[in-house]
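Accompanying notes for the structure given below.
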Amino acid sequence: MSDKSAPARPTIDLRSFTPARVALGRSGASVPTKPLLDFTLDHARARDAVHAAFDAPRLVSDLHALGLVVTEVRSQALDRREYLRRPDLGRRLDAESAEVLAQSAAEPCQLALVIGDGLSAAAVHAHAVALVRRLLPLLAEGEHVALGHVVVASGARVALGDEIGAILGARMVVMLIGERPGLSAPDSLGAYLTFAPKPGRTDAERNCVSNIHKAGLSYDEGAFKIAWLVREGLAREVSGVALKDESADRAPRRIGTFSAC
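In the numbering used here, the protein residues as written are 910 to 1170.
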């Protein structure tokens, strides 16, 4: 019986195409020391990202520097521990925040932008302001999309944007939020878009542009996709499974990879 021929491209080549843990090697029945230490470090970074404190005042200050008027709110989760143990509390505003928003909602608006800590405050600190800086001029192009309110939310889950958008009378809400940290990306930012937001909306009624970070979707491409979905969602009066991302043919040159759900 003849020996099997060697593969045309060795498995180790896959490392140049993916950050996934492939072709780690072997030391006896285990992996070599370096891959084990790398895994331990990435796992620690992911855990740290989940528990990192959210610096809302700093974020508000940076957004003010962009010329935006910002309202700061928080969910019903009293602290990070409760936020992680009770996801439902992160989906509802506390009473004081709901009252503050109600007082600021003078009239309905086209778009409300909410920035929440989510499961990675590190992602928001690293990427949210840079992404917003690129998004603002895209919303102003052509048929101008009026950004009515900007809200910074502490202890936020994605669905918190539904209640915020409903109180503000927004036709659409965009929630920028830190995504669940992974071993290759502890600082990934996601954007969730919901037309006619109100409590009780499901994930099937949202669009998501995810994996926004330096090794993933670039700020320019992320902002382009968000702006495209906002315009199309407002024009068609839908979001979620009824609104497919067809922006690829008109997108700027791709600098990184992208993921959308």
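Backbone N, C-alpha and C fix where the C-beta goes; we use that ideal spot for every residue, glycine too.
Opening and closing residue of the alpha helix (DSSP H) in which residue i lies
i	result
A1144	1128-1145
V1033	1030-1049
E1005	1004-1013
T942	942-960
Same chain only: Cβ atoms within 7 Å of residue i, ignoring 5 sequence neighbours per side
i	result
P1175	The requested residue 1175 does not occur in the structure, where the chain is confined to residues 910 to 1170.
K1107	D1071, A1075
C1170	For C1170, the predicted model reports a pLDDT of 31, less than 50, meaning its position is unreliable and no value from the coordinates is stated.
Residues near residue i by beta carbon distance below 8 Å, same chain, minus five either side
i	result
L1194	Nothing about residue 1194 can be reported from this structure: the residues present for the chain run from 910 to 1170 only.
R935	P941
V1033	F963, L968, I1024, G1025, D1026, G1027, L1085, I1086, G1087, L1098
Residue burial classification, residue i (beta-carbon count within 10 angstroms, cutoff 16)
i	result
S939	exposed
R1115	buried
A986	buried
D1129	buried
P1090	buried
L945	exposed
F963	buried
G1027	buried
A1037	buried
T1111	exposed
K1134	buried
Run of the beta strand (DSSP E) containing residue i, from where it starts to where it stops
i	result
L977	That residue, L977, is in no beta strand (DSSP E); it is neither H nor E in DSSP.
G1070	Careful: G1070 lies outside any beta strand (DSSP E), inside the alpha helix (DSSP H) at 1069-1077.
Residues bridged to residue i [DSSP beta-bridge criterion]
i	result
N1116	L1102
G1025	A1062, I1086
L1020	L1056, M1081
R990	Partner(s): none; R990 has no beta bridge.
R983	S1063
S939	S936
Close-in-space but distant-in-sequence residues of the same chain around residue i (CB under 6 Å, 5 per side omitted)
i	result
L977	V1059
P928	S1093
I1073	V1023, V1060
G1165	The pLDDT assigned to G1165 is 34, lower than 50, so where the model puts this residue is not dependable, and the model offers no usable value.
A1068	R1000
Below-9 Å beta-carbon distance, residue i vs any chain B residue
i	result
L993	The chain labelled as chain B is not found in the depicted structure, where only one protein chain is given.
Original post:
Is there contact between the segment 1146-1155 and the segment 1053-1061, where contact requires at least three CB pairs shorter than 8 Å?
Top reply: They do not touch, by the three-pair rule.
Original post:
Using 8 Å as the threshold, is the segment 1067-1087 in touch with the segment 1009-1021, meaning 3 or more CB pairs across them?
Top reply: As far as the Cβ criterion goes, the segment 1067-1087 touches the segment 1009-1021, which means the pair count is three or higher.
Subject >> the segment 973-982 touching the segment 1003-1010, judged by at least three CB pairs closer than 8 Å >> reply: In the pairwise beta carbon analysis, the segment 973-982 is classified as touching the segment 1003-1010: at least three pairs are separated by under 8 Å.
Subject >> Segment contact, 8 Å Cβ cut-off, at least three pairs: the segment 1045-1054 with the segment 988-1007 >> reply: Judged by Cβ distances under 8 Å, the segment 1045-1054 makes no contact with the segment 988-1007, as fewer than three pairs qualify.
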